[in-house]
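Enquirer: Residue numbers (the UniProt record's numbering): 1 to 612.
1. Excluding the five sequence neighbours on either side, which residues of its own chain have a C-beta within less than 7 Å of the C-beta of residue 155, listed in chain order?
2. Going by CA-CA distance only, name the one from 352, 335, 351, 224 that's closest to residue 344.
3. At what residue ranges does the region 38-121 contain a whole run of the alpha helix (DSSP H), taking only runs of 4 or more?
4. What residues in its chain sit with their C-beta under 6 Å from that of residue 158, if we drop five residues either side in the sequence?
5. With H, G and I counted as helix, E and B as strand and the rest as coil, what does DSSP make of residue 354?
6. Can you confirm whether the region 68-83 touches the region 230-246 when touching is taken to mean that 3 or more C-beta pairs between the two stretches lie within less than 8 Å?
7. Kindly indicate which residue of 182, 65, 230, 226 has the alpha-carbon position closest to the one of residue 270.
8. For residue 133, which three-state DSSP category applies?
9. Sorted by chain position, which residues of the same chain lie with C-beta nearer than 6 Å to residue 305's C-beta, five sequence neighbours on each side aside?
10. Under 9 Å between the Cβ atoms of residue 218 and residue 238?
11. Per DSSP, which residues does residue 216 bridge with? Please list them.
12. Are the beta-carbon atoms of residue 89 and residue 232 separated by less than 9 Å?
13. Using a Cβ-Cβ cutoff of less than 8 Å, which residues in the same chain neighbour residue 32 once the five nearest sequence positions on both sides are dropped?
14. Let me confirm a value: residue 252 is counted as buried when at least 16 other C-beta atoms fall within 10 Å, else exposed. Which label applies?
15. Compute the Euclidean distance between the alpha carbons of residue 257 and residue 213, then round it to the nearest angstrom.
16. For residue 215, which option in 49, 70, 97, 317 has the closest C-alpha, if you only look at C-alpha atoms?
17. Beta strand (DSSP E) containing residue 238: first to last residue?
18. Looking at the unbroken alpha helix (DSSP H) that takes in residue 284, where does it start and where does it end?
19. Which of the three DSSP states is assigned to residue 157 in this structure?
20. Check this for me: beta carbons of residue 100 and residue 249, under 9 Å apart or not?
21. Let me know the secondary structure DSSP gives residue 348 once reduced to three states.
22. On the DSSP bridge list, what partners appear for residue 298?
23. Determine whether the beta carbon atoms of residue 171 and residue 200 lie at a separation below 9 Å.
24. Could you give the residue range of the beta strand (DSSP E) that holds residue 34?
25. For my contact list, residue 176 and residue 211 are in at a C-beta cut-off of 8 Å; report their separation, rounded to the angstrom.
26. Suppose contacts are defined by Cβ-Cβ distances below 9 Å. Is residue 288 in contact with residue 299 by that definition?
27. I'd like the span of the alpha helix (DSSP H) that includes residue 323, first residue to last.
28. Among 193, 308, 71, 320, which one has its Cα closest to the Cα of residue 361?
29. Which of the three DSSP states, helix, strand or coil, is assigned to residue 613?
30. Where does residue 412 land, buried or exposed, given buried means 16+ other C-beta within 10 angstroms?
31. Whose C-beta lies closer than 6 Å to the C-beta of residue 475 among residues of the same chain, with five residues either side of it excluded?
32. According to DSSP, what are the bridge partners of residue 332?
33. If you drop the 5 nearest sequence neighbours on each side, which residues of the same chain put their C-beta closer than 8 Å to that of residue 229?
34. So, under 8 Å CB-CB, residue 41 and residue 276 are touching, yes? Tell me the CB distance rounded to an integer number of Å.
35. Does residue 346 pass the burial test, meaning 16 or more other C-beta atoms within 10 Å, or should it be called exposed?
36. What residues match up with residue 126 in a beta bridge as DSSP calls it?
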């Protein structure tokens, strides 16, 4: 499989190769999957046995209509069917949202799920990408995002909560306030595909708000939290007019027989489902602790079923990914092809402890070899490919993690008055891991941006240094005002102008001095170049100065909100059988006891009569 690793990943765009493709290249046995964000504890083995026993029936006959399957799901979720549209995966619903409800522009924080950027660009819409700064731990500041939307005049706004790939989370109150501030937009989409795995809040979903508001859609996934990506089913919640508009465009049999079978099985397996969510939340804490112990590795706070990590200085994500797959049969998600990220970042799905121990062991060998603390080398000259956007990767390496300017959007940016310019945040100490974790000390090279920012310290360029690529090389990325650029170093006076004038030397003395200078120059050229980020070349500095937007007062950076309740270890909200609507939306604390139910899930419509 090692010979085919590079070709497998070169053939993909925004995603990794499918598990089926990987299995075909490895004699039918796939690797341990830390790439696809799936619930590893659900369905239960008994549910899989039941599905296997009904396989002939499932694949032989047509499914029921989408209306029948949707009605059953709504009975479980206690939602009116007129407010729900089910799709063949959330990506089908994103496609119809774009075609029917996005007229000219859409705003989205990046990095994020690729279809929110790619889908509207494919249909000619303007995508306004709001950069989540690494210096802020990729935390989204809703107030700054709103100001960005107003400055751009965007008509549709999207928030993924939690966000993919970093797992960033906004409280329900913050999301509701965001919707209140943007009531005049054509549409607001809250993508809650991973919200069931969050435990920072008892009931963070805003589905009830979506039912009542004229311009809000909440998008939910079933494949991720039910551990069934291959079935492809998800749903959206909105007011009857919006939901009906989407529903009218969907085929009558857009849901397959597997989806129907699972939806009708759920009412008998509510307790097992809640137990699976609890186990994922527990494993997330344990996995974050183990990864944070690796020298130089940064783990970011997450409320999803995945962790976003930054590799040590000198480590290249494509090399790490390929070696983990070929040498250790471990599949990870390298994030170089996500806009706003780079090859230095991985997204690692939360898995049981046995698999995590194998992951940590494999990463230790790949990153450090026999010497713990020594990172893998960068891509060599013999490597013919590198995933990700080259301009973004280059800017990330030059700022050494201080910030994440999106170069291509700045290149296409129109000139705006200073009042509309989005200021870049001041460099800040990057977070070092999950709340309450004690991360390993960062290597000295990783601390250099905070002590001596490379963008403000002139340094000699190495021989044959490659110039920074023109930011316009990123294709298909929409315009975006005021993305922070690398600041050019201040012009320093030559030493001769700062020193007193020396008396003239004789010709012999001048020749001796020139010989000494030539010898020193030869010694400097023979010395090895340290493997640290270099300051931009003069040509790159001139280019950056020509593109620098007018400066506006910098806004204070908001630190990521601490995730409350991460230490919970009990089994909240369990009942004898069945699962309430609040629980399927991710509630993690007990609720007031409802009226007695015969069996299974609560009756339809009960969500309006109970807390949650």
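For every residue, glycine included, the Cβ atom is placed at its ideal position computed from N, Cα and C.
This one's a predicted model, so the numbers in the text were calculated from it and none came from an experiment.
Expert: Taking the coordinates as given:
1. As a first step, residue 155 must be located in the chain shown, where it is residue number 155. Same-chain partners within the cutoff: 103, 104, 105, 185, 186.
2. Indexing the chain shown from 1 puts residue 344 at position 344. Among 352, 335, 351, 224, the Cα nearest to that of residue 344 is on 335.
3. The qualifying runs are 45-53, 55-60, 66-77, 90-101.
4. If you number the chain shown from 1, residue 158 lands on position 158. Excluding sequence neighbours, residue 158 sits near 108, 116, 189.
5. Locating residue 354 in the chain shown gives position 354, counting from the first residue. Residue 354: helix per DSSP, three-state reduction.
6. yes
7. The sequence position of residue 270 within the chain shown is 270, counting from 1. When only C-alpha atoms are compared, the closest one is 226.
8. Here residue 133 is taken as the residue at index 133 of the chain shown, counted from 1. Residue 133: coil per DSSP, three-state reduction.
9. Reading the chain shown from its first residue, position 305 is the one you call residue 305. 37, 197, 280, 350, listed in sequence order.
10. On the chain shown, residue 218 is found 218 positions in, with the first residue counted as 1. On the chain shown, residue 238 is found 238 positions in, with the first residue counted as 1. Yes; because the gap between Cβ atoms is below 9 Å, this pair is in contact.
11. If you number the chain shown from 1, residue 216 lands on position 216. Bridge partners of residue 216: 188.
12. Sequence index remark: in the chain shown, residue 89 carries index 89 (1-based). Sequence index remark: in the chain shown, residue 232 carries index 232 (1-based). Result yes, Cβ atoms of residue 89 and residue 232 sit closer than 9 Å.
13. On the chain shown, position 32 is the one that residue 32 refers to. So the qualifying residues of the chain are 329, 330, 331, 351, 355, 358, 359.
14. In the chain shown, counting from the first residue as 1, residue 252 sits at position 252. So residue 252 ends up on the exposed side.
15. The count along the chain shown starts at 1 and reaches residue 257 at position 257. The count along the chain shown starts at 1 and reaches residue 213 at position 213. Residue 257 and residue 213: Cα-Cα distance of roughly 33 Å.
16. Translated into the one-based positions of the chain shown, residue 215 becomes position 215. When each option's Cα is compared against that of residue 215, the closest is 97.
17. Indexing the chain shown from 1 puts residue 238 at position 238. 234-238 is the extent of the beta strand (DSSP E) around residue 238.
18. For the purposes of this step, residue 284 is taken as the residue at position 284 of the chain shown. Taken as a continuous stretch (DSSP letters only), the alpha helix (DSSP H) holding residue 284 covers 270-292.
19. By 1-based counting over the chain shown, the position of residue 157 is 157. Residue 157 falls in the strand class under three-state DSSP.
20. By one-based count along the chain shown, residue 100 stands at place 100. By one-based count along the chain shown, residue 249 stands at place 249. Residue 100 is a Cβ neighbour of residue 249, given a cutoff of 9 Å.
21. Residue numbering aside, residue 348 sits at position 348 when the chain shown is read from its first letter. Residue 348: strand per DSSP, three-state reduction.
22. Here residue 298 refers to the residue found at position 298 when the chain shown is read from its first residue. In the DSSP output, where bridge partners are listed per residue, residue 298 has 310.
23. The count along the chain shown starts at 1 and reaches residue 171 at position 171. The count along the chain shown starts at 1 and reaches residue 200 at position 200. Yes. Within cutoff.
24. Start at 1 with the first residue of the chain shown, and residue 34 comes out as number 34. Counting along the chain, the beta strand (DSSP E) containing residue 34 begins and ends at 32-34.
25. Working through the chain shown from its first residue, we reach residue 176 at position 176. Working through the chain shown from its first residue, we reach residue 211 at position 211. That pair is no contact at about 13 Å.
26. Here the question's residue 288 lines up with position 288 in the chain shown. Here the question's residue 299 lines up with position 299 in the chain shown. Taking 9 Å as the Cβ cut-off, residue 288 and residue 299 qualify as a contacting pair.
27. To locate residue 323, count along the chain shown from 1; it is residue 323. Here the alpha helix (DSSP H) through residue 323 covers 317-328.
28. Start at 1 with the first residue of the chain shown, and residue 361 comes out as number 361. Among 193, 308, 71, 320, the Cα nearest to that of residue 361 is on 320.
29. The displayed coordinates of the chain run from 1 to 612. Any statement about residue 613 would go beyond what the structure contains.
30. As a first step, residue 412 must be located in the chain shown, where it is residue number 412. Confidence is the limiting factor: at residue 412 the pLDDT is only 45, short of 50, which leaves the residue's position unreliable and the question unanswerable from this model.
31. Indexing the chain shown from 1 puts residue 475 at position 475. Any answer about residue 475 is weak, because its pLDDT of 39 lies below 50 and its placement is not dependable; what the coordinates show is given next. Closer than 6 Å at the Cβ level, and outside the excluded window around residue 475, lies no residue.
32. If you number the chain shown from 1, residue 332 lands on position 332. 34, per the DSSP bridge assignment.
33. In the chain shown, the residue the question calls residue 229 occupies position 229. Here the set comprises 36, 38, 223.
34. As a first step, residue 41 is located in the chain shown; it is residue number 41 there, counting from the start. As a first step, residue 276 is located in the chain shown; it is residue number 276 there, counting from the start. At roughly 4 Å, the Cβ-Cβ gap stays under 8 Å, so residue 41 and residue 276 are in contact.
35. Taking the first residue of the chain shown as 1, we reach residue 346 at position 346. Its Cβ being crowded by 16 or more others within 10 Å, residue 346 is buried.
36. Locating residue 126 in the chain shown gives position 126, where the first residue counts as 1. 105.
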